[in-house]
Every structure is written in C-alpha cells, then in structure tokens.
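If you read the sequence shown in this note's numbering, its first letter stands for residue 1, the second for the next number, and so on. C-beta: ideal position from N, C-alpha, C; glycine also. Everything below concerns the one structure shown next.
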Amino acid sequence: MRQGLSEVSLEGGLDACVGRFERSVLEQLYAQYPSSRQLGKRLGVSHTTIANKLRDYQISKEAKTD
C-alpha cells in the first residue's frame, strides 16, 4: 500500500525522511510517467538518475497497483 505524501514518517534523520519522501514521489509519479526518460523530464533530472533511484528503491512497473 502506498503512502500519501502527507503520511510519510518523520522518524529518523534527514536522510531517512528524504528517502521515504523521495520513494513516495517516485512511486506515485511512475504510474503517470512510466519510463525513466518521461519521469526524469517531469522531475528535471536525468533518466539515469531516475533509473538508479527506481532500482535503489526497488520500484518496478510490475509493482504498480493502479
């Protein structure tokens, strides 16, 4: 189950908080922008950055539940 952005836990340090927020953003937007190039363009970063983050957070097209 995905968390809404307002539901991201603020427990732990800044890195942990930012990581949870970043994961939530990627999970939600990946449904609307289903390629790393589209999502990278939407977020203003390279598709390589997006691909790396999707891999790091283990976010895949198969995991989407929309």
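Three-state class that DSSP yields for residue i in the structure shown
i      : result
Ser-46 : coil
Glu-11 : coil
Tyr-57 : coil
Ser-35 : coil
Pair within 9 Å by beta-carbon distance, residue i and residue j
i      : j      : result
Arg-23 : Ile-59 : yes
Nearest-angstrom Cβ-Cβ length linking residue i and residue j, presumed shorter than 8 Å
i      : j      : result
Leu-26 : Leu-54 : 6 Å
Ser-36 : Ala-16 : Rounded, the Cβ-Cβ distance is 24 Å, inconsistent with contact.
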